[in-house]
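> Numbering (the numbering used here), first residue to last: 181 to 322.
(1) Distance, Cα to Cα, residue 295 vs residue 262?
(2) Taking the alpha-carbon of residue 279 as reference, which of 248, 297, 254 has the nearest alpha-carbon?
(3) In the DSSP assignment, find the unbroken alpha helix (DSSP H) run with residue 304 in it and report its ends.
(4) Look at the Cβ atom of residue 227, then the Cβ atom of residue 219, and state whether they are nearer than 9 Å.
(5) Looking at the structure shown, is residue 286 part of a helix, part of a strand, or coil, going by DSSP?
(6) Can you tell me where the beta strand (DSSP E) with residue 293 in it begins and where it stops?
(7) Use the C-beta contact count for residue 246: other C-beta atoms within 10 angstroms, 16 or more gives buried, fewer gives exposed.
(8) Could you give the distance in angstroms between the alpha-carbon of residue 197 and the alpha-carbon of residue 221?
What follows is the structure in structure tokens.
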């Protein structure tokens, strides 16, 4: 474990109360919620390894740039739940990589039978699996 020189002992640690208050004040300009909480936690953590004088400089800089940070954060709105759902992969990894599917029988609304994966609903023989379509009857051929 690294020890501090005696000249720095007691000066490095959880942040000087003034510096912590300045960081809290600067982050209070951010929109409420996880963005504010994340920035506040990260900026407060930045205070820990600094000396008291370095903490004062850092906190002053954070406070001075708080409005610019607010503009930057506000100009990039967080994604809506619909956007998150659209970008989140829904298929299991083995299905996405086409390594393993759990095939099951299924029916269309009009009663036709087909085979699909129980996890990702990929249809067997739809041309994406590399199968030749064996077992699928085509009317009029014969």
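Note that beta-carbon positions come from the ideal geometry of N, C-alpha and C, so glycine has one too.
Remember, predicted model here, so these are calculated numbers, not experimental data.
Judging by the given coordinates:
(1) Residue 295 sits at position 115 when you count from the first residue of the chain shown. Residue 262 sits at position 82 when you count from the first residue of the chain shown. Cα to Cα, residue 295 sits roughly 30 Å from residue 262.
(2) Counting from 1 along the chain shown, the entry for residue 279 is found at position 99. Selection 248, 297, 254 evaluated against residue 279 yields 297 as nearest (Cα-Cα).
(3) As a working mapping, residue 304 is identified with position 124 in the chain shown. Annotation: residue 304 is outside any alpha helix (DSSP H) and is labelled neither H nor E by DSSP.
(4) By one-based count along the chain shown, residue 227 stands at place 47. By one-based count along the chain shown, residue 219 stands at place 39. At the C-beta level, residue 227 and residue 219 stay beyond 9 Å of one another.
(5) Taking the chain shown and counting its residues from 1, one reaches residue 286 at position 106. The DSSP-derived three-state label of residue 286 is strand.
(6) Stepping through the chain shown from its first residue, residue 293 is reached at position 113. For residue 293, the enclosing beta strand (DSSP E) covers residues 293-297.
(7) Within the chain shown, numbered from 1, the residue matching residue 246 stands at position 66. Residue 246 comes out buried.
(8) Residue mapping note: residue 197 aligns to position 17 of the chain shown, counting from 1. Residue mapping note: residue 221 aligns to position 41 of the chain shown, counting from 1. Put simply, the backbone Cα of residue 197 is about 15 Å away from that of residue 221.
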